[in-house]
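J.: Sending over a structure as structure tokens; questions will come in a sec.
There are 2 protein chains.
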Amino acid sequence: MTSNITNVTVLGTGVLGSQIAFQSAYAGFTVTAYDISDEILEHAKARFAGLAKVYQQQVDGATEARTDAALSRLSVSSDLAAAVADADLVIEAVPEAVAIKRDTYQKLSASAPAKTIFATNSSTLLPSDIVSATDRPDRFLALHFANEIWLHNTAEVMGTEQTSPEVFDRVVAYAKEMGMVPVPLHKEKSGYVLNSLLVPLLDAALELVVFGYSEPADVDNVWRIGTGAPMGPFQILDVVGLNTPYNIMAHGDERKQQIAAWLKEHYLDQGKLGRASGEGFYVYDKTA
Amino acid sequence: MTSNITNVTVLGTGVLGSQIAFQSAYAGFTVTAYDISDEILEHAKARFAGLAKVYQQQVDGATEARTDAALSRLSVSSDLAAAVADADLVIEAVPEAVAIKRDTYQKLSASAPAKTIFATNSSTLLPSDIVSATDRPDRFLALHFANEIWLHNTAEVMGTEQTSPEVFDRVVAYAKEMGMVPVPLHKEKSGYVLNSLLVPLLDAALELVVFGYSEPADVDNVWRIGTGAPMGPFQILDVVGLNTPYNIMAHGDERKQQIAAWLKEHYLDQGKLGRASGEGFYVYDKTA
């Protein structure tokens, strides 16, 4: 089965939106990247140029000729109606706020032709949280990517009960065509597959340290040596950033709130937010 | 700090007991391997000879001269009193049944000199479940190894509230001296560190499949690609063997019992017990 998709529009040119747009163009699709202002789109163009360089270094066979070809298939627009006028697929990667998502889908529904499939890259919302803002529940689902899409090339595909099976299968086919390993989910699950696995692991790791059984470096040693994984849970937490587990834990039960309080006291309040801040459970070389 | 340990006696010459004895001898200690009959000790000698070959293939710098030297430092005995007569450290790796463990520690306490430290390799029992069968609560703790000790070289060290801090530190030092990465736990935790992490991950993976969200191969794809790990959770389950999660889940709450029933119906009842049986979540080449 092929996707029968040619023209792709990506809404939002943040970190992941830019990666989705560039990867789709790199795989041969005609891509329009939409964002709300021409100023933001100037930043997007810089991101695309940066991705071209990263691909040349990190992706097998990514010659300058191939990344140039990708850039030639990739245009930008701040006019939503024009950006989606001939789109077979719109991939939405706007900020993770339900009000922004719903507003986006209302405007999109008014502009897009009937053929267009809508896919949300939302990490934290379920497609059923958004579907009522669209005019086409049968042509709406989630298509969820991981950061550094060229290295972590999974695409989780998750519909609502209203998503047409044919649309679902076309989006799975599209994910494969754009170089991803598709991961179809049979029904909605908060966190998809990856976070459904990662959250309990990171929770268990925090429990070991917060409740006084072990130390971050020892926990990471055991995990790396015992499973062969390249990173232990506290190294992963440093990459994710410590605000994320804090926000999840702060809204949980008493045990989770104890973990959140510990994270706040020992890390967040001291500016230790993870790798991006130069320090989290480990200290990082900021010049690296 | 050094361990001040020279003579080590390992009780039990099963898979892991043999590995602990051989690795200790390989690291330069004088080792006695004890088991209950001379017939079993003949099997143990064959295991040691096999480990010498495995080390030559898999351990950097493990020449035949070095594995021969290890074998020369390694003797066997079926006389408990003789085996422990001058032991600085006894590492107990007898079968995982509390009655066998307690009987072993009663006999050991009657035979061993006052200087001897007792360490249990138990995976499933806490040292506090066993300590009352010993005559020396201050010199008793857990020292827990992983299978394929020469590859997965962690040693989890876990005392009871009665363990002397000096004894604890000596055993941590011993673990390092015998080539392990020591993982000290500050207090007792069922499952130590590794299983405290692994069990929630495997539980979450089973939930995704048993309750109809995803498929084993897709879950494993996401985990490997998303985290860089060499094996996904269902590959790990196949190595562990499916009886282990079944036994854990069968004694759990209603949700866990549903998972156990699913494992029984779809795998155990069909003889699919994991990699050792040739099939589990994946099919294996039995000739490999």
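Here the protein sequences come in this chain order: C and S.
In terms of the numbering used here, the numbers along the first sequence are unbroken and rise by one, the last being 933.
In terms of the numbering used here, the numbers along the second sequence are unbroken and rise by one, the last being 933.
Quick reminder that beta carbons are idealized off the backbone N, C-alpha and C, glycines included.
The structure displayed is predicted, hence computed values, not measured ones.
Within 7 Å of any Cβ in chain C, is that where the Cβ of S:Y858 sits?
T.: By 1-based counting over the second sequence, the position of residue 858 of chain S is 213. By this cut-off, S:Y858 is an interface position.
J.: Compare the C-beta of C:G871 against all C-beta atoms of chain S and say whether one is closer than 7 Å.
T.: Reading the first sequence from its first residue, position 226 is the one you call residue 871 of chain C. So, interface residue.
J.: Suppose you measure from the CA of S:E709 to the CA of S:V817; what does that come to, to the nearest Å?
T.: Residue numbering aside, residue 709 of chain S sits at position 64 when the second sequence is read from its first letter. Residue numbering aside, residue 817 of chain S sits at position 172 when the second sequence is read from its first letter. Rounded to the nearest angstrom, the two C-alpha atoms are 29 Å apart.
J.: Restricting to Cα atoms, I'd like to know which of S:Y700, S:V884, S:L753 and S:A905 is closest to S:Y929.
T.: Residue numbering aside, residue 929 of chain S sits at position 284 when the second sequence is read from its first letter. Nearest to S:Y929 by alpha-carbon distance, out of S:Y700, S:V884, S:L753 and S:A905, is S:V884.
J.: Is it buried or exposed for C:A691, if we count other Cβ within 10 angstroms and need 16 for buried?
T.: The residue you call residue 691 of chain C lines up with position 46 of the first sequence. Classification of C:A691: exposed, given that the 10 Å Cβ count is below 16.
J.: Over the uninterrupted alpha helix (DSSP H) stretch that includes S:L830, give me the two end residues.
T.: The residue you call residue 830 of chain S lines up with position 185 of the second sequence. Counting along the chain, S:L830 falls outside any alpha helix (DSSP H), though it belongs to the beta strand (DSSP E) covering V826 to L830.
J.: Using 7 Å as the limit for Cβ to Cβ distance, is S:D724 near chain C?
T.: Taking the second sequence and counting its residues from 1, one reaches residue 724 of chain S at position 79. No, S:D724 does not count as interfacial toward chain C.
J.: Hey, S:A874 and C:A791: beta-carbon distance below 7 Å or not?
T.: Locating residue 874 of chain S in the second sequence gives position 229, counting from the first residue. Locating residue 791 of chain C in the first sequence gives position 146, counting from the first residue. No.
J.: Would you mind giving the Cβ-Cβ distance between S:I665 and S:N766, rounded to the nearest angstrom? I have them listed as a contact below 8 Å.
T.: Position 20 of the second sequence, counted from the first residue, corresponds to residue 665 of chain S. Position 121 of the second sequence, counted from the first residue, corresponds to residue 766 of chain S. So it is a contact: roughly 7 Å between Cβ atoms.
J.: Any beta carbon from chain C within less than 7 Å of S:T765's own beta carbon?
T.: Working through the second sequence from its first residue, we reach residue 765 of chain S at position 120. No, its Cβ sits nowhere closer than 7 Å to a Cβ of chain C.
J.: Name the one or two DSSP bridge partners that C:V721 has.
T.: On the first sequence, position 76 is the one that residue 721 of chain C refers to. Paired residues: C:A678.
J.: Does the pairing of the region 700 to 718 of chain C with the region 766 to 781 of chain C give three or more beta-carbon distances under 8 Å?
T.: The region 700 to 718 of chain C is not in contact with the region 766 to 781 of chain C.
J.: Would you list the residues sitting across from S:M803 in a DSSP beta bridge?
T.: Start at 1 with the first residue of the second sequence, and residue 803 of chain S comes out as number 158. S:M803 is bridged to S:A787 and S:L830.
J.: Would you mind telling me which residues of chain C sit closer than 8 Å to S:M823, beta carbon to beta carbon, in chain order?
T.: To locate residue 823 of chain S, count along the second sequence from 1; it is residue 178. Correct list: empty, because the minimum Cβ distance to chain C is about 15 Å.
J.: Measuring CA to CA, which of S:D724, S:A730, S:L753 and S:A672 is closest to S:V704?
T.: Your numbering for residue 704 of chain S matches position 59 in the second sequence. Comparing Cα positions, the closest option is S:A672.
J.: Measuring straight from C-alpha to C-alpha, what distance separates S:G657 and S:T677?
T.: Here residue 657 of chain S refers to the residue found at position 12 of the second sequence. Here residue 677 of chain S refers to the residue found at position 32 of the second sequence. Whole-angstrom Cα-Cα distance: 11 Å.
J.: Is C:S841 close to chain S? Criterion is C-beta to C-beta, closer than 7 Å.
T.: Looking up residue 841 of chain C in the first sequence gives position 196. C:S841 counts as touching chain S.
J.: Could you tell me if C:Q701 is buried or exposed, where buried requires 16 or more neighbouring beta carbons within 10 angstroms of its beta carbon?
T.: In the first sequence, the residue the question calls residue 701 of chain C occupies position 56. The residue in question, C:Q701, is exposed, as its Cβ has fewer than 16 Cβ neighbours within 10 Å.
J.: Could you pull the DSSP bridge partners for S:T765 from this structure?
T.: Position 120 of the second sequence, counting from 1, holds the residue named residue 765 of chain S. Answer is S:E737 and S:A787, bridged to S:T765.
J.: State the DSSP-derived secondary structure class of C:T855, mapped to helix, strand or coil.
T.: Counting from 1 along the first sequence, the entry for residue 855 of chain C is found at position 210. Looking at the sequence provided, one finds Val at residue 855 of chain C rather than Thr. In the structure shown, C:V855 sits in a helix (DSSP, three-state: H, G or I).
J.: What I want to know is whether the C-beta of S:G824 ends up closer than 6 Å to one or more non-hydrogen atoms of the ligand COA.
T.: This structure lacks the ligand COA; in fact it carries no ligand of any kind.
J.: If you follow the alpha helix (DSSP H) that C:L656 is part of, which residue opens it and which one closes it?
T.: Counting from one through the first sequence, the residue named residue 656 of chain C turns up at place 11. Unbroken run through C:L656 is the beta strand (DSSP E), N652 to L656; no alpha helix (DSSP H).
J.: Could you tell me whether the Cβ of S:P740 comes closer than 7 Å to any Cβ of chain C?
T.: Indexing the second sequence from 1 puts residue 740 of chain S at position 95. Cβ-Cβ to chain C under 7 Å: no for S:P740.
J.: Which same chain residues, not among the five before or five after S:L913, have their C-beta less than 8 Å away from its C-beta?
T.: To locate residue 913 of chain S, count along the second sequence from 1; it is residue 268. Only L887, N888 and Y891 meet the Cβ criterion.
J.: Indicate whether at least one CB of chain C lies closer than 7 Å to the CB of S:W868.
T.: To locate residue 868 of chain S, count along the second sequence from 1; it is residue 223. Cβ-Cβ to chain C under 7 Å: yes for S:W868.
J.: To be precise: take each residue of the region 797 to 811 of chain S, compare its Cβ to all Cβ atoms of chain C, and keep it if any distance is under 8 Å. Which residues remain?
T.: H797, N798, T799 and E801
J.: By the DSSP assignment, the alpha helix (DSSP H) with C:R900 in it spans what residues?
T.: Indexing the first sequence from 1 puts residue 900 of chain C at position 255. First-last of the alpha helix (DSSP H) with C:R900: E899 to H911.
J.: Would you say S:V864 lies against chain C (beta-carbon separation less than 7 Å)?
T.: Here residue 864 of chain S corresponds to residue number 219 of the second sequence, with the count starting at 1. Flagged as an interface residue toward chain C: S:V864, by a C-beta distance shorter than 7 Å.
J.: Closer than 8 Å, Cβ to Cβ, to anything on chain S: give me those residues from the region 878 to 897 of chain C, in chain order.
T.: P878 and I881
J.: May I have the straight-line CA-CA distance separating C:W795 from C:Q880, to the nearest angstrom?
T.: Position 150 of the first sequence, counted from the first residue, corresponds to residue 795 of chain C. Position 235 of the first sequence, counted from the first residue, corresponds to residue 880 of chain C. About 21 Å.
J.: Can you tell me where the alpha helix (DSSP H) with S:H896 in it begins and where it stops?
T.: Here residue 896 of chain S refers to the residue found at position 251 when the second sequence is read from its first residue. No alpha helix (DSSP H) contains S:H896, which DSSP labels as neither H nor E.
J.: Taking all protein chains shown into account, do 16 or more other C-beta atoms lie within 10 angstroms of the C-beta of C:A759, making it buried, or fewer, making it exposed?
T.: In the first sequence, counting from the first residue as 1, residue 759 of chain C sits at position 114. Exposed, by the Cβ-count rule.
J.: Could you please give me the residues that DSSP links to S:G923 through a beta bridge?
T.: Indexing the second sequence from 1 puts residue 923 of chain S at position 278. Answer is none; S:G923 lacks a bridge partner.
J.: Using only CA atoms, which one of S:L853, S:V826 and S:V867 lies nearest to C:E833?
T.: The sequence position of residue 833 of chain C within the first sequence is 188, counting from 1. Of the listed residues, the one whose Cα sits closest to C:E833 is S:L853.
J.: Report the option in C:E822, C:Q751 and C:W907 whose CA atom is closest to the CA atom of C:M646.
T.: Here residue 646 of chain C refers to the residue found at position 1 when the first sequence is read from its first residue. Looking at the Cα atoms, C:E822 is the closest of the given residues.
J.: For S:G789, would you say it is in contact with chain C, using Cβ-to-Cβ distances shorter than 7 Å as the test?
T.: The count along the second sequence starts at 1 and reaches residue 789 of chain S at position 144. It is worth fixing the name first, because residue 789 of chain S is His in this sequence and not Gly. No, S:H789 does not count as interfacial toward chain C.
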